[in-house]
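A short worksheet on the structure shown next.
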Amino acid sequence: MSQPQSISRSKSLPQLRKRRIAFAFDIDGVIHTKGNVHPNARGTIGYLQQRGIPFIFLTNAGLRTEQARAEYIKQMLGLELKTSQFVQVHTPFLDLLPAYADKTVLAIGYRGDHIRDLAHAQGFEHVITPADLTVAYRDHYPRYCHFGHVPISEADRHYARPLPQNPPELRIHAILVYCEPDDPAWANCAFLIIDLLLSRHGRPGTRSELNDTPALPNRGYLQDHPPALHFCNLDPLPTSRDPDSQKLKPGAKPAMVRAMVAANPSHVQKRPYLWSHLKPQHQDLSFQILVEETFSALTGGASTNTLGMGKPFEVTFSYAERRLRKLAHDHDLAMRASDPVSLPREPLQTVYMIGDTADTDILGANTFRSRHGIEWKSVLVETGVYRRGEVPDFPPTAVQRGVGEAVEWALTESGNLEEADLTI
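Using full-length UniProt numbering, the first residue of the sequence shown is number 1, and each one after it goes up by one.
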């Protein structure tokens, strides 16, 4: 899609009932790849801006603030974009602020202060990290490796900060997993999460007396107010640490976790010190699966009640739709302010999800059911993970060559191309 030009072929287009539409774009593989902007991406986004058609960027990337992501893409495309048009994998954490803004949350991800700073930037006031807990509770949380007990690492000592409360009084209300932990910290982070899920009222080092009570829901586990567990980037490990290239490797081996737990039956009713065996030597075993499958094996099948963030999960598409409805509403208010006699516009009717990955972009759009009667359609492009000729596991509404073709198809399909000035 180039800069707008008149086209005569619009007269021969089928007369379709025009619907009010919006777009959700994946970024990596759709707008750019490794910083190289795809053909027609800038012209396509600029065209939607000129038409006043709402759109957002919906990405499973993270590790930056929304402001930083917006600035990065603005510079890449040379267009003015709003921070509210960016929904990253951890952006829906903002919905947790009413419940946890002034409560203690455990933020998990790469070692260092980056994840702590990111959580603070989102508005969480009392943020602790695994290093904080490991150092403060050094007697309760010994570290393990393949060759036995090892002392607390220098990295943990360096990055640890004082806890907001003394250890006996500390209560953790939520666990926020922003991304996969670093390889050396995998096992320790998994242990901390499961230890807290087994706790009483989210107090480290405690055990709920309700655990392993078959008469209670979930066999009594998670019934004594442990912290809520929220995961971002729930897919297997990314192929790179580039925050803008979070494409993920397929596959996982939960059976391997079950086998490891079965080989350590003495730990089931005690502290689960089996993490020395759970270092991710198989790179297709995700941290989320490690935690969920190990917790299930240790508890006789109990669930962690994990809430997933990111595509293809419902909470992310619901959040994205809310953003799009707000953008459409704001546009209508601006139009009414400039032209008070203009007729009110109809609400959004269709959203087109344009992505390059079938098991996130396409699956999420296909399975999401809007509470506002908005229809979601999926368009798979050939400029990223998906390659022409492949049979996707989750069939999209349409397959198009690139982002320009995808938008033109959507405009045509929705009856909006008759006003368009497009040239492919």
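Even glycine gets a Cβ: it sits at the ideal position worked out from N, Cα and C.
As the structure is a computational prediction, the values presented were derived from the model and not from experiment.
Check, Outcome
"Less than 7 Å between the C-beta atoms of D356 and G29, yes or no?", "yes"
"Please report how far the alpha carbon of A174 lies from the alpha carbon of I45, in whole angstroms.", "38 Å"
"Is there a Cβ from chain C that is less than 7 Å from the Cβ of S378?", "Structure shown: chain C not included; a single protein chain is present."
"CB G402 to CB H38, shorter than 7 Å?", "yes"
"If you reduce the DSSP assignment to three classes, tell me which class Q269 lands in.", "Confidence is the limiting factor: at Q269 the pLDDT is only 38, short of 50, which leaves the residue's position unreliable, though a coordinate-based value still follows. It is coil, neither helix nor strand."
"Using a Cβ-Cβ cutoff of less than 7 Å, which residues in the same chain neighbour D189 once the five nearest sequence positions on both sides are dropped?", "It should be noted that the sequence gives Cys, not Asp, for residue 189. Contacts found: I108, P130, P181."
"Can you look up L290 in the DSSP assignment and give me helix, strand or coil?", "helix"
"Return the chain-ordered ranges of every alpha helix (DSSP H) run that is complete within the segment 173–200 and spans a minimum of 4 residues.", "186–197"
"Please determine, among Y178, R207, F231, H140, the residue with the shortest C-alpha to C-alpha distance to L225.", "Looking at the sequence provided, one finds His at residue 225 rather than Leu. When only C-alpha atoms are compared, the closest one is R207."
"So V89 is in the alpha helix (DSSP H); what residue range does that whole segment cover?", "Unbroken run through V89: none, as it is neither H nor E."
"Looking at the structure shown, is G36 part of a helix, part of a strand, or coil, going by DSSP?", "Note on identity: in this sequence residue 36 is Asn, with Gly being the wrong assignment. The answer is strand: DSSP assigns N36 an E or B state."
"For S296, which three-state DSSP category applies?", "helix"
"Between the beta-carbon of F124 and the beta-carbon of F86, is there less than 7 Å?", "no"
"Which of helix, strand or coil does DSSP assign to D28?", "strand"
"Where does the unbroken alpha helix (DSSP H) through F313 begin, and where does it stop?", "From DSSP, F313 is part of no alpha helix (DSSP H); its letter is neither H nor E."
"Can you tell which of W409, F394, T91, A99 has the C-alpha that lies nearest to the C-alpha of F231?", "T91"
"Are I362 and F394 close, meaning C-beta to C-beta below 7 Å?", "yes"
"If we count Cβ pairs, one from each stretch, closer than 8 Å, do we get three or more for the segment 191–198 versus the segment 47–67?", "no"
"Inspect the beta-carbon positions of P54 and L324 and report whether they are closer than 7 Å.", "yes"
"First and last residue of the beta strand (DSSP E) that includes V351?", "350–355"
"How would you label L79, buried or exposed, when you count the other beta carbons within 10 angstroms and need 16 or more for buried?", "exposed"
"Using only the alpha-carbon positions, how far apart do residue 443 and L198 sit?", "Lying before the first or after the last residue shown, residue 443 is absent from the chain, which here runs from 1 to 424."
"With which residues is W376 paired in a DSSP beta bridge?", "V351"
"According to DSSP, M309 sits in a beta bridge with which residue or residues?", "C232"
"Going by C-alpha to C-alpha distance, which of R20, F93, P340, P396 sits closest to A121?", "F93"
"Where does L215 land, buried or exposed, given buried means 16+ other C-beta within 10 angstroms?", "A small fix is needed here, since residue 215 is Ala in this sequence, not Leu. Exposed, since its Cβ has fewer than 16 Cβ neighbours within 10 Å."
"Report yes if the C-beta distance between Y221 and A302 is below 7 Å; otherwise report no.", "yes"
"With distance defined between alpha-carbon atoms, name the residue in K103, E375, D132 nearest to R161.", "D132"
"Can you have a look at P340 and say buried or exposed, based on whether 16 or more other CB atoms are within 10 angstroms of its CB?", "exposed"
"Given 6 Å as the limit, tell me if I128 has its C-beta closer than that to any heavy atom belonging to the ligand NAP.", "As presented, the structure is devoid of all ligands, the ligand NAP included, so that no description of it is given."
"Going by beta-carbon coordinates alone, are L229 and R20 separated by less than 7 Å?", "no"
"Report all residues from its chain with a CB closer than 7 Å to the CB of H329; omit the five preceding and five following residues, and keep chain order.", "none"
"Report the three-state DSSP secondary structure of A107 (helix, strand or coil).", "strand"
"Residue range of the beta strand (DSSP E) that V135 falls in?", "Taken as a continuous stretch (DSSP letters only), V135 belongs to no beta strand (DSSP E), being part of the alpha helix (DSSP H) at 130–136."
"Who pairs with I56 in a beta bridge, going by DSSP?", "A24"
"Give me the Cα-Cα distance between A406 and I354, rounded to the nearest whole angstrom.", "7 Å"
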